[in-house]
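Reviewing the structure listed below.
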Amino acid sequence: MPDTQDELEPRVRRIISRWGHDPGALVQVLREVQEEFGYLPGPALTLVARLLRIPYSRAKGVASFYSFLSDEPLGAYRVLFSDNITDRMAGSESLLEAMCYRLWAEPGKVSPDGLVSVARTSCTGMCDQGPALLVNGRAIPSLTSERVEHLCELILARTPVDEWPAEFFAVHDNVRRAGILLGHTQQPGDAIRAALQRGAAGWSEHAANERSWREAYVGAAQGPIATLEEIKRSNLRGRGGAGFTTGVKWEACRQATGLTRFVVCNADEGEPGTFKDRVLLTSHADLVFEGMTIAAYAIGASLGFLYLRGEYRYLLEPLEATLQHRRAANLLGNGICGQPGFDFDIRIHVGAGSYVCGEESALIESLEGKRGVPRNRPPYPVTNGYKQQPTIVNNVETLCATALIAVRGGDWYRSLGTLKSSGTKILSVAGDVARPGLYEYPFGVTLRQVLEDCGAAGTQAIQISGPSGVCVDATEFGRRIAFEDLPTAGAFTVFDASRDMFDVAHNYAQFFAHESCGFCTPCRVGTSMLVASMDKIRAGNGTQHDVGEIDRLNKVLLMSAHCGLGHTACNPVLDTLKRFRPAYERKLRSLDFAPAFDLDGALHRARKMTGRDDADAHLEAHP
Amino acid sequence: MNERPSFLLDGDEVPFDPGQTVMQAALAAGRYIPHLCYHPEFTPHGSCKLCTARVNGRLMAACTTPAGIATEVESETEELNDLRRTLVQMLFAEGNHFCPSCERSGNCVLQALGYDLGVMTAGFRHLFPDRPVDASHPEILLDFNRCILCELCVRAAREVDGKHVFSLAGRGIGKHLIVNAESGRLVDTDVKVTDKAVEVCPVGVILRKRVGFATPIGARRYDQSPISAQALADAPRPLERNHD
Numbered sequence: 000m001p002d003t004q005d006e007l008e009p010r011v012r013r014i015i016s017r018w019g020h021d022p023g024a025l026v027q028v029l030r031e032v033q034e035e036f037g038y039l040p041g042p043a044l045t046l047v048a049r050l051l052r053i054p055y056s057r058a059k060g061v062a063s064f065y066s067f068l069s070d071e072p073l074g075a076y077r078v079l080f081s082d083n084i085t086d087r088m089a090g091s092e093s094l095l096e097a098m099c100y101r102l103w104a105e106p107g108k109v110s111p112d113g114l115v116s117v118a119r120t121s122c123t124g125m126c127d128q129g130p131a132l133l134v135n136g137r138a139i140p141s142l143t144s145e146r147v148e149h150l151c152e153l154i155l156a157r158t159p160v161d162e163w164p165a166e167f168f169a170v171h172d173n174v175r176r177a178g179i180l181l182g183h184t185q186q187p188g189d190a191i192r193a194a195l196q197r198g199a200a201g202w203s204e205h206a207a208n209e210r211s212w213r214e215a216y217v218g219a220a221q222g223p224i225a226t227l228e229e230i231k232r233s234n235l236r237g238r239g240g241a242g243f244t245t246g247v248k249w250e251a252c253r254q255a256t257g258l259t260r261f262v263v264c265n266a267d268e269g270e271p272g273t274f275k276d277r278v279l280l281t282s283h284a285d286l287v288f289e290g291m292t293i294a295a296y297a298i299g300a301s302l303g304f305l306y307l308r309g310e311y312r313y314l315l316e317p318l319e320a321t322l323q324h325r326r327a328a329n330l331l332g333n334g335i336c337g338q339p340g341f342d343f344d345i346r347i348h349v350g351a352g353s354y355v356c357g358e359e360s361a362l363i364e365s366l367e368g369k370r371g372v373p374r375n376r377p378p379y380p381v382t383n384g385y386k387q388q389p390t391i392v393n394n395v396e397t398l399c400a401t402a403l404i405a406v407r408g409g410d411w412y413r414s415l416g417t418l419k420s421s422g423t424k425i426l427s428v429a430g431d432v433a434r435p436g437l438y439e440y441p442f443g444v445t446l447r448q449v450l451e452d453c454g455a456a457g458t459q460a461i462q463i464s465g466p467s468g469v470c471v472d473a474t475e476f477g478r479r480i481a482f483e484d485l486p487t488a489g490a491f492t493v494f495d496a497s498r499d500m501f502d503v504a505h506n507y508a509q510f511f512a513h514e515s516c517g518f519c520t521p522c523r524v525g526t527s528m529l530v531a532s533m534d535k536i537r538a539g540n541g542t543q544h545d546v547g548e549i550d551r552l553n554k555v556l557l558m559s560a561h562c563g564l565g566h567t568a569c570n571p572v573l574d575t576l577k578r579f580r581p582a583y584e585r586k587l588r589s590l591d592f593a594p595a596f597d598l599d600g601a602l603h604r605a606r607k608m609t610g611r612d613d614a615d616a617h618l619e620a621h622p
Numbered sequence: 000m001n002e003r004p005s006f007l008l009d010g011d012e013v014p015f016d017p018g019q020t021v022m023q024a025a026l027a028a029g030r031y032i033p034h035l036c037y038h039p040e041f042t043p044h045g046s047c048k049l050c051t052a053r054v055n056g057r058l059m060a061a062c063t064t065p066a067g068i069a070t071e072v073e074s075e076t077e078e079l080n081d082l083r084r085t086l087v088q089m090l091f092a093e094g095n096h097f098c099p100s101c102e103r104s105g106n107c108v109l110q111a112l113g114y115d116l117g118v119m120t121a122g123f124r125h126l127f128p129d130r131p132v133d134a135s136h137p138e139i140l141l142d143f144n145r146c147i148l149c150e151l152c153v154r155a156a157r158e159v160d161g162k163h164v165f166s167l168a169g170r171g172i173g174k175h176l177i178v179n180a181e182s183g184r185l186v187d188t189d190v191k192v193t194d195k196a197v198e199v200c201p202v203g204v205i206l207r208k209r210v211g212f213a214t215p216i217g218a219r220r221y222d223q224s225p226i227s228a229q230a231l232a233d234a235p236r237p238l239e240r241n242h243d
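These protein sequence lines are chains A and B, in that order.
For the record, in the first sequence the residue sitting at position 187 is 186 according to numbering that gives the first Met the number 0, with numbers rising by one throughout.
For the record, in the second sequence the residue sitting at position 142 is 141 according to numbering that gives the first Met the number 0, with numbers rising by one throughout.
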């Protein structure tokens with residue numbers, strides 16, 4: 000922590016010069032300043048604003064938007080427990096309690112000695128090996144009470160996190176079923192060379208990467224166009240959830256007018272229950288970057304970004320190393336694979352704790368150093384994206400698939416899966432199953448098949464595609480994973496008969512309220528009111544009126560929310576209400592009316608203060 | 000003479016100029032669409048969602064939707080006014096609004112919309128947030144309790160005053176208005192009582208000190224005529240309208 004201004008200034012200056020005094024790098028600068036000082040001290044924010052020539056209020060506005068950034072002091076050890084429903088099911092709450100008890104800490108607050116702060120955070124993407132937590136930004140999965148006890152000892156002994164046992168930080172891939180993607184054998188550069196050859200067959204000599212005068216030559220754009228054609232022929236659709244046809248997106252971007260173009264890989268894998276991108280970035284980073292390079296070749300981009308979610312900060316160094324290898328091997332940089340004009344490089348932008356940044360226009364705002372608020376659309380990123388230039392934003396898995404298609408062709412890819420959903424899909428299976436992990440299937444697989452493969456027993460429900468997806472019950476296990484039936488971004492969270500589906504919906508409602516950006520009225524207010532209604536029901540004070548209010552909130556969110564977060568925020572509650580209504584009704588106090596608060600309970604404090612507990616100190620009417 | 004392009008608003012033809020939004024075209028044509036965070040002098044951003052309308056069947060904010068993509072717009076329907084009433088209720092429940100003791104009562108856009116749309120009940124449990132006031136400035140009082148996060152002061156400061164006095168911080172239900180000073184106090188900013196940003200607040204957050212209740216309640220702006228009529232009177236009109 001900085002003691003004086005003199006000590007603070009050179010350290011902040013060093014960070015800012017490394018980012019070239021670029022106000023667009025504000026999120027990265029703030030993240031590094033926080034890594035340096037443990038939080039964002041007021042004088043540091045002022046200095047950042049001054050050096051980047053931006054108003055103080057903008058720096059403050061951005062710093063307070065991202066949940067990992069803090070302008071108030073944090074403990075020397077910042078512990079964030081992953082708070083997905085799968086973590087809770089595996090006992091995260093009692094582990095958090097145990098840690099707080101042992102360290103004299105209160106959740107959400109800094110311990111009096113400034114040693115530690117313990118709090119909850121949205122799903123950290125370790126659902127197959129939960130409960131998990133982050134300590135000073137580093138992931139520790141597979142928590143047990145012994146492990147938590149050990150962590151407490153290390154914290155109390157003030158052992159630096161770098162010196163903690165390496166096995167604490169071991170994150171496993173848990174690939175249970177590999178298909179064409181997880182089982183691929185492509186070497187770095189294979190896809191790029193295949194794309195270039197496809198162009199050469201059309202007697203092209205130039206990549207025309209800059210969309211420059213060279214395209215005036217007959218056949219100059221042949222290579223990129225041949226690649227684009229393969230992607231279109233594959234009928235590949237986006238794997239991030241929305242399912243937009245990749246080839247159409249790329250073509251729209253290629254045809255849009257702009258000074259330059261950008262490729263963005265969306266690795267802000269924030270949907271609770273999803274963790275496939277973590278594995279792809281851990282064990283198949285070359286394929287991800289190769290896909291980005293193919294995209295750059297096809298649309299004519301010379302710069303790309305990988306938007307890495309803050310929870311995966313620990314992957315930054317290995318990913319940078321992979322980029323370095325690729326530059327050394329001429330797979331990035333100028334004249335890639337010896338092709339004149341094929342210039343492309345990739346930068347990594349690390350997020351700072353915001354689910355809504357997975358929405359492509361919010362992601363671009365964040366890339367530009369702003370608050371991650373979704374933009375008004377139209378215009379769409381393919382015409383007005385990063386720095387208002389044509390930009391494609393694709394999911395990690397989508398880009399990996401394009402690298403496979405570049406080698407083996409669109410027809411091959413299309414031969415897999417179903418009519419409207421070509422290729423394969425990686426499912427992140429977690430919850431009440433014997434073998435959680437990644438399962439890759441051709442599209443069209445039934446839920447029953449997946450349940451059988453992962454060793455699920457007595458399954459009551461599956462949440463498909465996380466809180467923003469759908470919840471299905473046992474009568475629907477014959478349904479299929481495909482855009483025609485159940486589209487998914489990958490989460491496949493299984494609940495057995497012992498689970499209370501109300502708790503599941505409650506957890507998801509809290510998630511949406513925590514992650515709402517707050518831009519529009521319906522989502523900002525509505526998600527909080529939804530949590531208030533659920534809290535009330537949970538506390539046993541709920542009535543039929545509250546169920547009606549949930550319906551009303553949902554209608555408002557569906558009709559007027561600014562982006563998908565708001566549109567889907569009520570889904571988990573409505574889905575479970577529809578399928579598991581008794582789980583709610585059991586908790587309702589009466590089926591029509593009851594007061595919103597406990598009248599007698601409100602006197603509790605007064606009784607305590609006066610030391611009375613006689614009959615006259617109680618309300619008669621209390622049931 | 001060239002025919003101006005047009006769209007249908009609740010069945011009637013509304014002409015527009017290229018570049019106009021549905022809201023701008025409607026107001027210029029003397030048609031009212033309820034709105035709160037939209038102001039003719041500043042860039043629209045579409046956050047309050049009160050102006051949500053059905054544009055070619057899809058629900059969109061009229062203030063940010065280009066008129067060029069609209070062919071048929073529905074606004075005066077029971078479904079949409081119901082939505083607007085709920086949104087007004089949400090804004091009332093989100094902050095601490097006590098109309099009888101508020102200096103802005105009668106001049107308040109939120110209150111006027113409530114009356115005009117026929118909001119009869121609170122509708123939701125109030126959230127009662129803790130929002131301290133800022134009385135540090137000798138001439139201006141900030142009462143954040145009434146803030147509806149419309150960002151009009153943020154936009155007015157940036158676009159008209161050329162300053163950054165106001166900004167937004169936090170996110171979700173914790174989103175709040177801040178001022179451009181490390182101390183967090185208005186007195187430490189470069190605000191002037193003559194700034195556009197001070198004048199533009201539609202509710203009672205930004206108040207000039209020592210001029211309270213100059214106009215008695217009952218004789219104030221929205222006591223005279225409803226907001227729907229006043230918004231039309233204020234709307235910028237084309238200088239000549241020769242399309243008929």
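The C-beta atom is built at its ideal place from N, Cα and C for all residues, glycine as well.
Under 9 Å between C-beta atoms of Pro187 (chain A) and Asp344 (chain A): No, the Cβ-Cβ distance between Pro187 (chain A) and Asp344 (chain A) is not below 9 Å.
CB contact check: Met248 (chain B) to chain A, cutoff 9 Å: Residue 248 (chain B) lies beyond the range of chain B shown here (0 to 243); nothing can be said about it.
Boundaries of the alpha helix (DSSP H) in which Ser282 (chain A) is found, first to last residue: Residues Lys275 to Ser282.
Stretch pair the segment 388 to 397 of chain A + the segment 245 to 255 of chain A: three plus CB contacts closer than 8 Å: Yes: at least three Cβ pairs fall under 8 Å.
N- and C-terminal bounds of the alpha helix (DSSP H) containing Phe36 (chain A): For Phe36 (chain A), the enclosing alpha helix (DSSP H) starts and ends at Leu25 to Phe36.
Burial state of Phe6 (chain B) (16 or more Cβ within 10 Å): The residue is buried, with at least 16 neighbouring Cβ atoms inside 10 Å.
Cβ neighbour criterion (16 or more within 10 Å) applied to Ser414 (chain A): Around the beta carbon of Ser414 (chain A), fewer than 16 other beta carbons lie within 10 angstroms, which makes this residue exposed.
CB of Asp431 (chain A) within 9 Å of CB of Arg498 (chain A), strictly: Yes.
DSSP-derived helix/strand/coil call for Ala165 (chain A): DSSP places Ala165 (chain A) in helix when its eight states are reduced to three.
Helix, strand or coil at Glu96 (chain A) according to DSSP, with G and I counted as helix: In the structure shown, Glu96 (chain A) sits in a helix (DSSP, three-state: H, G or I).
Residue(s) in a DSSP beta bridge with Ala402 (chain A): When beta bridges are read from the DSSP output, Ala402 (chain A) appears opposite no residue.
Three-state secondary structure (DSSP) of Tyr379 (chain A): Shown here, Tyr379 (chain A) sits in coil according to DSSP, grouped into three states, outside any helix or strand.
Cutoff 9 Å: Ile32 (chain B) Cβ touching any chain A Cβ: No, Ile32 (chain B) does not count as interfacial toward chain A.
Spatially closest choice to Leu331 (chain A) from A:Arg407, A:Pro466 and A:Ala190, by CA coordinates: Closest by C-alpha distance to Leu331 (chain A), out of A:Arg407, A:Pro466 and A:Ala190, is A:Ala190.
Cross-chain neighbours of Met558 (chain A) in chain B, by beta carbon under 7 Å: Thr51, Leu58 and Leu82, listed in chain order.
C-alpha distance - Ala219 (chain A) paired with Phe304 (chain A), whole-angstrom precision: Unreliable positioning characterises Ala219 (chain A) in this predicted model, as indicated by a pLDDT of 49, which lies under 50. The coordinate reading is nonetheless provided below. So the two alpha carbons sit approximately 26 Å from each other.
Beta-carbon spacing of Ala118 (chain A), Val78 (chain A) below 9 Å: Contact flag set, yes.
Local conformation of Ser245 (chain B) per DSSP, three classes: The requested residue 245 (chain B) is not part of the displayed model; chain B covers only 0 to 243.
Nearest to Asn173 (chain A) (by Cα), restricted to the options A:Gly436, A:Leu68 and A:Ile549: Selected option, being the one with the closest Cα: A:Gly436.
Where the segment 44 to 56 of chain A meets chain B: residues whose CB sits under 8 Å from a CB there: Within the segment 44 to 56 of chain A, the residues whose Cβ lies closer than 8 Å to any Cβ of chain B are, in chain order, Leu44, Thr45, Pro54, Tyr55 and Ser56.
Span separating the alpha-carbon of Gly408 (chain A) from that of Ala400 (chain A): Taking the straight line from one Cα to the other gives about 11 Å.
Cutoff 9 Å: Thr85 (chain B) Cβ touching any chain A Cβ: Chain A contact via Cβ: present.
Exposure of Glu152 (chain A), with buried meaning 16 or more beta-carbon neighbours within 10 Å: Answer is exposed; the Cβ neighbour count stays below 16.
Rounded straight-line distance, which links the Cα of Lys162 (chain B) to that of Ile224 (chain A): Between the alpha carbons of Ile224 (chain A) and Lys162 (chain B) lies a gap of roughly 48 Å.
Chain A contact residues for Ala168 (chain B), given Cβ-Cβ distances below 7 Å: Here the neighbours are Lys59, Gly60 and Ser63.
Chain-ordered chain B contacts of Gly525 (chain A) [CB-CB under 8 Å]: Residues of chain B whose Cβ lies closer than 8 Å to the Cβ of Gly525 (chain A) are, in chain order, Met89.
Element boundaries [beta strand (DSSP E), containing His175 (chain B)]: Counting along the chain, the beta strand (DSSP E) containing His175 (chain B) begins and ends at His175 to Val178.
Phe243 (chain A) at chain B interface by Cβ criterion, 9 Å: No, Phe243 (chain A) lies away from the interface with chain B (no Cβ there is under 9 Å from its Cβ).
Limits of the beta strand (DSSP E) - the one that Thr85 (chain A) falls within: Here Thr85 (chain A) belongs to no beta strand (DSSP E); instead the alpha helix (DSSP H) covers Ile84 to Met88.
Interface flag, Cys47 (chain B) vs chain A, CB-CB below 9 Å: Yes, its Cβ sits closer than 9 Å to a Cβ of chain A.
Outcome for Arg83 (chain B) when other beta-carbon atoms lying within 10 angstroms are tallied against a minimum of 16: Counting Cβ neighbours within 10 Å, Arg83 (chain B) comes out buried, since at least 16 surround it.
Lys108 (chain A), buried or exposed, once every other Cβ within 10 Å from all chains shown has been counted against 16: Of the other Cβ atoms in all chains shown, fewer than 16 fall within 10 Å of the Cβ of Lys108 (chain A); this residue is therefore exposed.
Through-space distance from Val202 (chain B) to Arg103 (chain B), alpha-carbon basis: Answer to the nearest angstrom: the Cα atoms are 6 Å apart.
The segment 96 to 113 of chain A contacting the segment 35 to 50 of chain A, beta-carbon criterion three pairs below 8 Å: Taking 8 Å as the limit for Cβ pairs, the verdict is that the segment 35 to 50 of chain A does not touch the segment 96 to 113 of chain A.
Interface flag, Ala66 (chain B) vs chain A, CB-CB below 9 Å: So no, Ala66 (chain B) is outside the interface.
Amino acids of chain A, ordered along the chain, whose beta-carbon sits closer than 8 Å to that of Ala61 (chain B): None at all; the shortest Cβ gap to chain A is about 12 Å.
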